[in-house]
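Just so you know, my numbering puts 137 at position 130 of the sequence shown, and the rest follows in order with no gaps.
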Amino acid sequence: MFRRIGWQMLLVGVGFLLTAMILAYMATTYTTEFRPANGGTYIESVGGYPQSLNPLLSFYNDADSDVVALVFSGLTRIGMSGAVEPDLATGWDIDPSGITYTFSLNPRVLWHDGFYFTADDVLFTVNLLQDPDYPGPPDIGALWRSVEATKLDDYTVQFVLQESYAPFLDYTTVGLLPMHLLNDIRAADLPNLEFNRQPIGTGPFRLTEVQTEQGQVTTLTFKRFPRYYGPEPYLENILLRFYPTARAAFEAYQDGAVEGVARITADILPQAFADENLKLHSAQTSEMVMLYFNGLVTDTLPFNSTQVRQALFYALDRQAIVDTVLMGQAIIPQTPLLPGAWAYNTTDVPAYTHNPQQALDLLGEAGWRRTTTAEPLRNAGGVPLAFSLIASNDDQDLAVAQEIVQQWARIGISATVQAVPSLALSGLLESRSYEAALVHLILPGDPDPYPLWHETQALPGQGQNYTGFQNRRISEVIEQARITVNPNERLALYQEFQQLFMTEVPALPLYVPVYTYAIDVRVNGDQMGPLMRTGDRFRTIADWYVLQRRVVASQQQP
8 MFRRIGWQML
18 LVGVGFLLTA
28 MILAYMATTY
38 TTEFRPANGG
48 TYIESVGGYP
58 QSLNPLLSFY
68 NDADSDVVAL
78 VFSGLTRIGM
88 SGAVEPDLAT
98 GWDIDPSGIT
108 YTFSLNPRVL
118 WHDGFYFTAD
128 DVLFTVNLLQ
138 DPDYPGPPDI
148 GALWRSVEAT
158 KLDDYTVQFV
168 LQESYAPFLD
178 YTTVGLLPMH
188 LLNDIRAADL
198 PNLEFNRQPI
208 GTGPFRLTEV
218 QTEQGQVTTL
228 TFKRFPRYYG
238 PEPYLENILL
248 RFYPTARAAF
258 EAYQDGAVEG
268 VARITADILP
278 QAFADENLKL
288 HSAQTSEMVM
298 LYFNGLVTDT
308 LPFNSTQVRQ
318 ALFYALDRQA
328 IVDTVLMGQA
338 IIPQTPLLPG
348 AWAYNTTDVP
358 AYTHNPQQAL
368 DLLGEAGWRR
378 TTTAEPLRNA
388 GGVPLAFSLI
398 ASNDDQDLAV
408 AQEIVQQWAR
418 IGISATVQAV
428 PSLALSGLLE
438 SRSYEAALVH
448 LILPGDPDPY
458 PLWHETQALP
468 GQGQNYTGFQ
478 NRRISEVIEQ
488 ARITVNPNER
498 LALYQEFQQL
508 FMTEVPALPL
518 YVPVYTYAID
528 VRVNGDQMGP
538 LMRTGDRFRT
548 IADWYVLQRR
558 VVASQQQP
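Structure below.
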């Protein structure tokens, strides 16, 4: 009996030993990892309310842009590098003249209601953009009206331009609409469609629920579209909750109601930095803030003088504006093109570092002097150098404008700030009925400056050259650049444009705002590339996840 127990104990011991050896081997050979898992819900707060969930109307409202980025797709999209990439189109061919573009469409794409996407949807959307009554940005409508669109077959479309236009691909990123749902509508009907509140798109998420309070949309719920043609997102649901201000949106995170905040403005930044549970992503926007001078107003103002414009620039300390007013949330550009853009080049470009004495010297050469530092600058006729600077009644814009006029005042320039609503500011620019203005420009991915600075766009009602600036050589350079297909030749032309512009300075490039996005540490896989619009923060949404699964993985190298 005892011998039997001894053998049993020996067998048990051997078993323990083998088990220990196996566990030791596994511990050195395998490890437990956490990997993304499908499912879960991500909730984000947005400052501002959606108005029209339609890609053809979403250019003026960031909340609309956010929704469109989740629900709709274009023929192309802007990738993480800032270059145009295929989306609904699998690719395209451009003829050697740069006039004919032929797009091949993805035959696997479905609308969220199960209908197949085809070339008919492309032509339907283009027809709306070409309609003279299209209520979106005028430059987009004008561009598409110059394009002939043809369906070659169900999954091939061709665009023929009137002349070579290098930035054309940027315009193919616009989200497309379903013809089978909207076939009978006209462009003038777009703002009033029920579709704008219950959109059907081809994007990675479909809108499933709309919550409102007193007629205002407060929450939108999106569900992963299981038959999406692109990478399948990990997230099952996304909720966007809308609040009246950016601060209210941030307070929703502090209250535990959301896991992300769409935008952290400069006044909120210290609190966001102090929260150890928040990850902050920052990216340069496609916006540039500039000072415009109305060169068409010449009776008493000297804005048609290059020396005066240069002096106004030398008198500004842009870094102080960024540091004190904007809490460091901006980049200082050296040219009118966005820093980091492929055409941005500062070679042989005049640099306007803060230099009050240089400003006074230039003003003196232009005939503006003062006898004491307590007096304003005056011309030979005794007229003071005084003008109004209009700015939108946004708190930050007013603070920037006030800092600018204070800096100018130190050298005897008597500028005063005039606050106006944003729509009124746009009207004053359009009619050229202003003296100086603080202007926010939204610059597209392609650097084409023709709409802003070509001489044909200078007169009221004829374009967006709101300064009235006319320079024949600059016009020639940007004319040639927009029809040049060769990228190296375009680069050389834009280098010359930047050199000429910064010599003449018809407007002063002040700063490029930085967009800061906050997301809780419990959310993973999030990253942010360049932003053309705020909705571009969702460019990598397929990689985001909130759930994880445990897996055993080998540590051995393959």
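Heads up, the beta-carbon is just placed ideally off N, CA and C, and yes, glycines get one too.
How many angstroms separate the CA atom of residue i from the CA atom of residue j?
| i | j | result |
| --- | --- | --- |
| THR97 | TYR457 | 30 Å |
| SER433 | HIS447 | 10 Å |
| PRO93 | ASP404 | 37 Å |
| TYR162 | HIS187 | 16 Å |
| PRO277 | ILE526 | 15 Å |
| GLY335 | VAL329 | 5 Å |
| ALA281 | ASP128 | 48 Å |
| LEU30 | VAL116 | Confidence at LEU30 is low in this model, with a pLDDT of 48, below 50, so the placement of that residue is unreliable and no value is reported for it. |
| THR107 | ILE485 | 21 Å |
| ALA45 | LEU450 | Per the sequence shown, the amino acid found at residue 45 is Asn instead of Ala. Using only the alpha carbons, I get a separation of about 37 Å. |
| LYS230 | SER312 | 58 Å |
| ASN493 | SER104 | 11 Å |
| PRO238 | ARG546 | 12 Å |
| LEU112 | PHE66 | 25 Å |
| ASP368 | GLY347 | 33 Å |
| GLU283 | ASP453 | 38 Å |
| GLN555 | ARG42 | 5 Å |
| ARG489 | ALA337 | 29 Å |
| TRP551 | ALA358 | 42 Å |
| GLU170 | LEU200 | 35 Å |
| PRO516 | PRO340 | 6 Å |
| SER482 | PRO520 | 28 Å |
| SER395 | ILE245 | 46 Å |
| PRO428 | ASP402 | 11 Å |
| GLY47 | LEU285 | 19 Å |
| ALA194 | TYR141 | 5 Å |
| TRP118 | GLY81 | 13 Å |
| PRO383 | ILE275 | 38 Å |
| ASN324 | GLN414 | This sequence places Asp at residue 324; Asn is not what is there. The straight-line gap from Cα to Cα measures roughly 8 Å. |
| PHE110 | ALA90 | 17 Å |
| ALA499 | ALA273 | 37 Å |
| LEU159 | ALA279 | 53 Å |
| MET33 | TYR123 | For MET33, the pLDDT reaches just 48, beneath the cut-off of 50, and the residue's location in the model is therefore unreliable, leaving the point undetermined. |
| TRP375 | VAL296 | 27 Å |
Do residue i and residue j have their C-beta atoms within less than 7 Å of each other?
| i | j | result |
| --- | --- | --- |
| MET535 | ILE85 | no |
| ALA2 | PHE166 | This structure does not reach residue 2, given that the chain is present from 8 up to 565, and the question cannot be answered. |
| ARG204 | THR226 | no |
| GLN218 | ASN352 | no |
| THR463 | ALA514 | no |
| VAL574 | THR342 | It is not possible to answer for residue 574, since the shown part of the chain is limited to 8 through 565. |
| VAL558 | VAL530 | no |
| ALA322 | ALA366 | yes |
| ALA393 | SER421 | yes |
| ILE192 | THR523 | no |
| LEU95 | THR132 | no |
| GLN58 | ASP71 | yes |
| ASN301 | ARG213 | no |
| ALA444 | TYR299 | yes |
By a C-beta neighbour count over all protein chains shown, 10 Å radius and 16 as the cutoff for buried, is residue i buried or exposed?
| i | result |
| --- | --- |
| GLU442 | buried |
| TYR236 | buried |
| MET87 | exposed |
| GLY222 | exposed |
| THR209 | buried |
| ASN400 | exposed |
| VAL181 | buried |
| GLY607 | The displayed coordinates of the chain run from 8 to 565. Any statement about residue 607 would go beyond what the structure contains. |
| ARG417 | exposed |
| ASP533 | buried |
| GLY143 | buried |
| ASP543 | buried |
| PRO114 | exposed |
Looking at the ligand ATP, does it come within less than 6 Å of residue i, judged from the CB to the closest heavy atom?
| i | result |
| --- | --- |
| ALA253 | Judged by which ligands are present, the structure shown has none, so any question about the ligand ATP falls away. |
Pop quiz: residue i and residue j are said to be a contact at Cβ under 8 Å. What is the actual Cβ separation, rounded to whole angstroms?
| i | j | result |
| --- | --- | --- |
| PRO185 | LEU64 | No, PRO185 and LEU64 are not in contact; Cβ-Cβ is about 15 Å, not under 8 Å. |
| THR541 | ASP73 | 6 Å |
| GLU243 | THR228 | Going by Cβ atoms, the distance from GLU243 to THR228 rounds to 11 Å, so no, they are not a contact pair. |
| VAL419 | ARG377 | According to the sequence provided, residue 419 is Gly. The question's Val does not apply to it. Yes, GLY419 and ARG377 are in contact; Cβ-Cβ is about 5 Å, under 8 Å. |
| ILE397 | LEU430 | ILE397 to LEU430, Cβ: 13 Å. No contact. |
| PRO62 | ILE548 | The Cβ separation is near 17 Å, so there is no contact. |
Inset, instruction - Take every Cβ of the region 48–63, pair it with every Cβ of the region 256–268, and state whether three or more of those distances are shorter than 8 Å. - result: Yes, the region 48–63 touches the region 256–268.
Inset, instruction - Please confirm if the region 276–293 is in contact with the region 74–82, defined as three or more CB-CB distances below 8 Å between the two stretches. - result: no
Legend entry - Three or more C-beta pairs below 8 Å linking the region 497–509 and the region 135–151: no
Inset, instruction - Check whether the region 448–467 touches the region 353–363, taking contact to mean three or more Cβ pairs, one atom from each stretch, closer than 8 Å. - result: no
Inset, instruction - Pair every Cβ in the region 252–266 with every Cβ in the region 407–414, then say whether three or more of these pairs are closer than 8 Å. - result: no
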